[in-house]
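To keep things clear, I will list the structure first and then write my remarks on it.
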Amino acid sequence: MQDNFDPAEMPLIVGVGDTVTSKMIAENGQLQAKRGGSDRNFLQLIQDINSLFNRGNLVVYVDSSGGELKNRQAIELGTLDGEQTVIQGPCDPQDTKDPLTLNVVFPAGYQQYCTAFKAAAQQRQLTR
């Protein structure tokens, strides 16, 4: 892929999704990760592009389920080593080898995401 794109021309890419799942299932005495969600591959692509071009791409997860869907856990935030971090959801906590890393999460759903997006746009206008 690097041969087809000029690294200097690669933009910062922000991938936003609300459907990412994983569940650990016992099969033949072994725990197997079953990963899915319609946004997972798109978000993984954004992360992989960043691995190649190091542009600071972000993988953003919007918790639109509010904990109401059986296949997704609601996001729960907590503090670890003085930093706010995700301590639960949306994936199975036993799935420690999930290659997808969520850089930013909005546990309060699309309303929280929209508010943050509008604030960022206003801030950008002020700095021009």
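Positions in the sequence shown are counted from 1; adding 18 to them yields this note's numbering.
Glycine included, every Cβ here is placed at the ideal spot set by N, Cα and C.
Whole-Å CB distance - Val34 paired with Val80, under 8 Å assumed: Against the sequence shown, residue 34 aligns to sequence position 16. Against the sequence shown, residue 80 aligns to sequence position 62. The pair is a contact, with the Cβ atoms about 6 Å apart (cut-off 8 Å).
Report all residues from its chain with a CB closer than 6 Å to the CB of Arg73; omit the five preceding and five following residues, and keep chain order. For this step, residue 73 is matched to residue 55 along the sequence shown. Answer for Arg73: Met28 and Leu30, listed in chain order.
Could you have a look at Lys136 and say whether DSSP puts it in helix, strand or coil? Along the sequence shown, one-based indexing puts residue 136 at 118. Of the three classes helix, strand and coil, the one that applies to Lys136 here is helix, per DSSP.
Taking the alpha-carbon of Ala51 as reference, which of Val123, Asp116, Gln106 and Ala134 has the nearest alpha-carbon? Against the sequence shown, residue 51 aligns to sequence position 33. Considering only alpha carbons, the answer is Asp116.
CB Thr8 to CB Cys109, shorter than 8 Å? The chain is shown only over 19 to 146; residue 8 falls outside these bounds and no answer can be derived.
Residue closest to Ala44, alpha-carbon to alpha-carbon, out of Glu94, Gln112, Gly55 and Leu120: As a working note, residue 44 is residue 26 in the sequence shown. Per the Cα distances, Gln112.
Would you tell me roughly how many angstroms separate the C-alpha atoms of Leu118 and Gln65, rounded to the nearest one? In the sequence shown, the residue the question calls residue 118 occupies position 100. In the sequence shown, the residue the question calls residue 65 occupies position 47. Distance between the alpha carbons of Leu118 and Gln65 is about 7 Å.
Just to confirm before moving on: does the CB-CB distance between Val122 and Leu76 stay below 8 Å? Stepping through the sequence shown from its first residue, residue 122 is reached at position 104. Stepping through the sequence shown from its first residue, residue 76 is reached at position 58. Yes, these two residues count as a Cβ contact at 8 Å.
Which first and last residues belong to the beta strand (DSSP E) in which Arg53 is found? Stepping through the sequence shown from its first residue, residue 53 is reached at position 35. Unbroken beta strand (DSSP E) run through Arg53: Gln48 to Gly54.
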